[in-house]
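Trainee: Quick one: the structure is below, questions incoming.
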Amino acid sequence: MQDRYNFSEIEKKGQKKWDETKAFKVVEDPSKDKYYVLEMFPYPSGKLHMGHVRNYSIGDVVARFKKMNGFNVIHPMGFDGFGLPAENAAIKNGTPPAEWTWSNIHEMEVQLKELGLSYDWDRECATCHPDYYKWMQWIFIQFYKAGLAYKKENPVNWCPSCQTVLANEQVVDGCCERCGSPVGKKNLSQWYFKITDYAEHLLENLDNGKLDGWPDKVKIMQKNWIGKSHGAEVDFKVKDYDETLTVFTTRVDTIYGTTFMVLAPEYPSVLDMVKGTEYEAPAKEYIDKCAHMSEIDRTSTTNEKTGQFIGKYAINPFTGKEMPIFIADYVLMGYGTGAVMGVPAHDQRDFDFATKFNLEIIPVIDPHDPEVDLNNLKEACAAEGTVINSGEFTGMNNKDAIQKIAEVADERGIGRKTINYRLRDWLISRQRYWGTPIPMIYCDHCGWVPEKEENLPVMLPTDVEFTGKGESPIVTSKTFVDTVCPVCGQPAKREVDTMDTFLDSSWYFLRYCDARNENEVFSKEKADYWMNVDQYIGGVEHAIMHLMYARFFQMALHDLGFVKDDEPFKNLLTQGMVIKGYKDAEGNYVKAKMSKSLGNVVSPAEIIDKYGADTARLFILFAAPPERELDWSDQGVEGCFRFLNRIWRLVYEFTDKYENCPGEYEVKNKADKDLNRVFNDTIRRVSNDIDERFNFNTAISAVMELVNELYKYKEGDVNEALFSTIIRTIIILMAPFVPHVTEELWADLGYEGSVHEQRWPSYDESALVKDEVEIVVQINGKNKEKINIPGEASRDEMLKIAEENETIKELTADMNVVKVIAVPGRLINIVVKG
RNA sequence: GCGCCUAUGGUGGAAUUGGCAGACACGCUAGUUUUAGGUACUAGUGCGAGAGCGUGGGGGUUCAAGUCCCUCUGGGCGCACCA
617 MQDRYNFSEI EKKGQKKWDE TKAFKVVEDP SKDKYYVLEM FPYPSGKLHM GHVRNYSIGD
677 VVARFKKMNG FNVIHPMGFD GFGLPAENAA IKNGTPPAEW TWSNIHEMEV QLKELGLSYD
737 WDRECATCHP DYYKWMQWIF IQFYKAGLAY KKENPVNWCP SCQTVLANEQ VVDGCCERCG
797 SPVGKKNLSQ WYFKITDYAE HLLENLDNGK LDGWPDKVKI MQKNWIGKSH GAEVDFKVKD
857 YDETLTVFTT RVDTIYGTTF MVLAPEYPSV LDMVKGTEYE APAKEYIDKC AHMSEIDRTS
917 TTNEKTGQFI GKYAINPFTG KEMPIFIADY VLMGYGTGAV MGVPAHDQRD FDFATKFNLE
977 IIPVIDPHDP EVDLNNLKEA CAAEGTVINS GEFTGMNNKD AIQKIAEVAD ERGIGRKTIN
1037 YRLRDWLISR QRYWGTPIPM IYCDHCGWVP EKEENLPVML PTDVEFTGKG ESPIVTSKTF
1097 VDTVCPVCGQ PAKREVDTMD TFLDSSWYFL RYCDARNENE VFSKEKADYW MNVDQYIGGV
1157 EHAIMHLMYA RFFQMALHDL GFVKDDEPFK NLLTQGMVIK GYKDAEGNYV KAKMSKSLGN
1217 VVSPAEIIDK YGADTARLFI LFAAPPEREL DWSDQGVEGC FRFLNRIWRL VYEFTDKYEN
1277 CPGEYEVKNK ADKDLNRVFN DTIRRVSNDI DERFNFNTAI SAVMELVNEL YKYKEGDVNE
1337 ALFSTIIRTI IILMAPFVPH VTEELWADLG YEGSVHEQRW PSYDESALVK DEVEIVVQIN
1397 GKNKEKINIP GEASRDEMLK IAEENETIKE LTADMNVVKV IAVPGRLINI VVKG
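Each residue of the first sequence is one higher than the last, beginning at 617 in our numbering.
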């Protein structure tokens, strides 16, 4: 054994061994319980960052720990290979996206291996590989056949910089989620997935216990995103015009207070209604203005309302009252019906609009609040109360009125109760090259038809030009577009759009179950064995998009009979960000996300170089619990490196001085007994901390404490069998965290095989009992004295010892003892008076 | 604006069920050893001279509160003209 901890040599050796022996290859084994550990696969940018290291280190601990506990562990890794950066690289340097991506993937494979992660590399998938996207296309076709995919012309979010459309979820603060450019609107015919069909199912599973292993935060975010709201629709006839306008409202109790109606500028019949009237020109102008506004302008929070009267009046079906109809951009075509009844007295937006256009304000709910003057409202009053000015409903509680008015509307055929969702269908077409081609063909005779399944994959063409301008590069291909109709055999044209890359990542966990299957997307038998994912780990930034899309895929595939469960991920861990403090211009210490512009980036490669992968992993797991932010500290890293050296020296000294005799040992004296207790307690703590709490930081600190104890112990008489057993166990306990150094020490101690194939140790409950425990005696809750009592003393025995204590006697001498509380093994609290 | 999370020494954090606040680590101080130096080892380290005081501020429940309840403040995240 070397006297120095030579991490770089050891790590290379370990990785070589695991690679050659395929140490982490798994196959289905029905005799064993399976465990599926999954970390979100990376986009192959070419370089791992600390966030990856954290994500994958957490997963690796879980995978190795579960394996040592006898589970058949599947722990796969792959790459989310499609996406815009590859195309940008092509535009910039002329490197074909495939070449750029594959070279990055190979680089990252090396980096992942350098971290010593226990992946079954035989299951590796890259979404940009034809063997993968073939099945992506196959799934698309199944969805299409099931009516879950459709094409529709719609105004869509358009990113002028990426030259492509964006899903609703990909617009952040009115800007492109990827590049940050302001998003505009464009009318395009695009493919959609009917995720709204699953709105209720997606919502229901958030609450029915299936996702108990998910953080509440993520569930709440998804719930808000789906945005279910109960309300009613009411039909308004247009005066002197053959049209019925249906509004959606959650406050049908305020219908008697309606004084105007507002339609979204894109509302289909607006142009017909103004045709040939004096309102045609101004209405068109207003619509045009809205169409050219970017998302950011349109949703800007300067609440100045705009709108345009269209010269028509709607008739309130309850009151018969005629109300002017406006178009205004604060009404959204995509939510509800695109038509809103204006109730200025009880809705702030309507109030602002009415104030601006000088419209009538009729209060219809009395909140019984002395501070609200209903006849002179300064702002809308959204409070609950009694219904007034509302005909037959006057006097009702407004909550009851919501129900009653909807029922009456239904009876009279002028309305109905409905449910609305904020969630919209998923726009999946992208006008880009580097993605999965949508396997659809347009035939003049047959319309849109899917490519024949036996012709999959529809390969991405390589004869394309990357100019960064105009349409998708695919249209420059001379070989791609023209084809024949799979139905009638006539000349036809292929869809040139590719799929949103979020589709690729919505089912990769299923493909891992049977990654090399050439005949099926995956075998149902294998997927049924491995699924669902027992532990999924990744960044919280995927809380909505990726995690909801993946759930939708699983549900759809479940309904189509391909998978057994309707949820893919049983437990979810969202790890915190890795941040690093830096000095700002004024010299203040500021915490911030690692970023190039701030110059506070620490690269995994430099840490691995200097201290090794084991130290990097240990620090990242020790510095904070996984869900929290992790503040990078170079000194902290050094501390972890020191700890590994401390273990190394312990073993080195031991092999030099003592005999290696693990197994049965005899507890000979008090020092042995104390050490044995700490030892067994460490096994208990580490096991609990990993398994039940994922608190790796405290698991590691428990081992640190044991190591500190050993350092003290070895200064006295050493019980070689006990010492030997403890050293052996420490190596095993640390193996999931620092796989290389433990593997080396395992061999240095003369043990056979791999430390990673050892059974996780169990502890001896009886060894945990203390002969003597120190308890606190409090008087009126204040600590006054510490006394030692036998470990198994009963309540009464404990009280007796306390009563005999001189200090306590003195302190309670002239006092009237009201009550005594005794918690065995912890404390005594004497409550006194006077 | 609405919703959620969070606040503990000089720093990262610990305290699993309400029961000794500050485990473990970093940093710092002193010492020992070796050395050219780093390293390693030992001791100390919440504040306060002290009685005491201490988990963002204020209030409450309890024998007992970092932990439960109310309220305010700071920080973070999500959604945001969703009718």
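Ideal Cβ positions, reconstructed from N, Cα and C, are used throughout, including at glycine. Model, not experiment: these values are computed from the prediction.
Among the residues of its own chain, which have a CB less than 8 Å from the CB of Asp813, if the five just before and after it don't count?
Mentor: Counting only Cβ-Cβ distances below 8 Å, and skipping sequence neighbours, we find Leu764.
Trainee: Can we say the stretch 1168-1187 touches the stretch 1253-1270, given the rule of at least three CB pairs closer than 8 Å?
Mentor: Counting Cβ pairs under 8 Å, fewer than three are found: no touch.
Trainee: Tyr1467: which of Phe1138, Glu1134, Thr1114, Met1115 sits nearest, CA to CA?
Mentor: Residue numbering for the chain in the displayed model covers 617 to 1450; residue 1467 lies beyond these limits and cannot be assessed.
Trainee: Just to confirm before moving on: does the CB-CB distance between Arg1110 and Ile1044 stay below 9 Å?
Mentor: Taking 9 Å as the Cβ cut-off, Arg1110 and Ile1044 do not qualify as a contacting pair.
Trainee: According to the neighbour-count rule (16 or more other Cβ atoms, all chains shown, within 10 Å of its Cβ), is Pro1355 buried or exposed?
Mentor: That one is buried.
Trainee: When the Cα atoms are used, what is the spatial distance from Phe1353 to Phe1312?
Mentor: One C-alpha to the other measures close to 9 Å.
Trainee: Going residue by residue through the stretch 1194-1261, where are the continuous alpha helix (DSSP H) segments of at least 4 residues, counting only ones entirely within it?
Mentor: Runs of the alpha helix (DSSP H) inside the stretch 1194-1261: 1220-1227, 1229-1238.
Trainee: If contacts are defined as beta-carbon pairs under 8 Å, then Glu849 and Thr1034 qualify, I think. What distance do you get, rounded to the angstrom?
Mentor: About 5 Å; that satisfies the 8 Å criterion.
Trainee: Identify which residue in Ala1221, Leu1234, Pro1241, Tyr1274 has its Cα closest to the Cα of Gly1255.
Mentor: Gly1255 has its Cα closest to that of Leu1234, out of Ala1221, Leu1234, Pro1241, Tyr1274.
Trainee: Bridge partners for Leu804 per DSSP, in chain order?
Mentor: Bridge partners of Leu804: Asn770.
Trainee: Please report the residue range of the alpha helix (DSSP H) in which Gly675 lies.
Mentor: First-last of the alpha helix (DSSP H) with Gly675: 666-684.
Trainee: Do you know how far the Cα of Lys905 is from the Cα of Glu920?
Mentor: Looking at the two C-alpha atoms, the distance is approximately 16 Å.
Trainee: Residues bridged to Arg1110 by DSSP?
Mentor: Answer is Ile1057, bridged to Arg1110.
Trainee: May I have the straight-line CA-CA distance separating Ile943 from Gly958, to the nearest angstrom?
Mentor: One C-alpha to the other measures close to 12 Å.
Trainee: Give the list of continuous beta strand (DSSP E) stretches no shorter than 3 residues that lie fully inside the stretch 919-955.
Mentor: Runs found: 924-931, 938-943.
Trainee: Answer yes if the stretch 853-864 comes into contact with the stretch 1207-1214, meaning at least three C-beta pairs across the two stretches below 8 Å, and no otherwise.
Mentor: With the cut-off at 8 Å, the stretch 1207-1214 and the stretch 853-864 do not touch.
Trainee: Which residue spans inside the stretch 1140-1179 form an unbroken alpha helix (DSSP H) run of at least 4?
Mentor: Entirely contained in the stretch 1140-1179, the alpha helix (DSSP H) runs reaching 4 residues are, in chain order, 1140-1146, 1161-1175.
Trainee: Looking at C-beta atoms only, is the number of pairs between the stretch 1291-1308 and the stretch 1381-1390 that lie closer than 8 Å three or more?
Mentor: The stretch 1291-1308 vs the stretch 1381-1390: in contact.
Trainee: Can you tell me which of Arg1040, Glu1325, Thr1341 puts its alpha carbon nearest to the alpha carbon of Gly843?
Mentor: Of the listed residues, the one whose Cα sits closest to Gly843 is Arg1040.
Trainee: Which residue or residues does DSSP assign as beta-bridge partners of Thr1190?
Mentor: Answer is Gly1154, bridged to Thr1190.
Trainee: Roughly how many whole angstroms lie between the Cα atoms of Leu700 and Ala762?
Mentor: Between Leu700 and Ala762, the C-alpha separation is close to 30 Å.
Trainee: Using the rule of at least 16 other Cβ atoms within 10 Å of the residue's Cβ for burial, across every protein chain shown, is Ser1088 buried or exposed?
Mentor: Under this definition Ser1088 is a buried residue.
Trainee: Whose CA, out of Val988, Gly790, Asp985, lies closest to the CA of Asp913?
Mentor: Ranking Val988, Gly790, Asp985 by Cα distance to Asp913 puts Gly790 first.
Trainee: Mapping the DSSP letters down to three states, classify Thr1345 as helix, strand or coil.
Mentor: Helix, per DSSP.
Trainee: What is the C-beta distance between His691 and Phe640, in whole angstroms, given that I count them as a contact (C-beta under 8 Å)?
Mentor: Rounded, the Cβ-Cβ distance is 6 Å, consistent with contact.
Trainee: Tell me whether Thr875 sits in a helix, a strand or coil according to DSSP, three-state version.
Mentor: DSSP places Thr875 in coil when its eight states are reduced to three.
Trainee: Whose C-beta lies closer than 7 Å to the C-beta of Met617 among residues of the same chain, with five residues either side of it excluded?
Mentor: Tyr1268, Thr1271, Asp1364.
Trainee: Alpha carbon to alpha carbon, how far is Glu962 from Gly1001?
Mentor: The question names Glu, but residue 962 is His in the sequence shown. The straight-line gap from Cα to Cα measures roughly 11 Å.
Trainee: Any chance you could list the beta strand (DSSP E) runs of at least 3 consecutive residues sitting entirely within the stretch 1384-1445, in chain order?
Mentor: As far as the stretch 1384-1445 is concerned, its whole beta strand (DSSP E) runs of at least 3 residues are 1388-1395, 1398-1406, 1432-1439.
Trainee: How is the alpha helix (DSSP H) around His817 delimited, first residue to last?
Mentor: Residues 815-823.
Trainee: Is it buried or exposed, Glu655, if we count other Cβ atoms within 10 angstroms and call 16 or more buried?
Mentor: The residue is buried, with at least 16 neighbouring Cβ atoms inside 10 Å.
Trainee: Considering only C-alpha positions, which residue in the set Glu1070, Ile1090, Pro1073 is nearest to Asp1079?
Mentor: Among Glu1070, Ile1090, Pro1073, the Cα nearest to that of Asp1079 belongs to Ile1090.
Trainee: So the candidates are Val787, Val689, Lys729, Glu793; which of them puts its Cα closest to the Cα of Lys633?
Mentor: Here the closest residue by C-alpha is Lys729.
Trainee: Counting only the same chain and skipping the five closest in sequence on each side, list residues whose C-beta sits under 6 Å from that of Trp716.
Mentor: If we look at Trp716 and ignore the five residues flanking it on each side, its Cβ neighbours are Ala702, Ala705.
Trainee: Who pairs with Pro701 in a beta bridge, going by DSSP?
Mentor: BP columns for Pro701 are empty, so no partner.
Trainee: Would you call the stretch 1274-1293 and the stretch 1317-1336 touching, i.e. three or more CB-CB distances under 8 Å?
Mentor: The stretch 1274-1293 vs the stretch 1317-1336: in contact.
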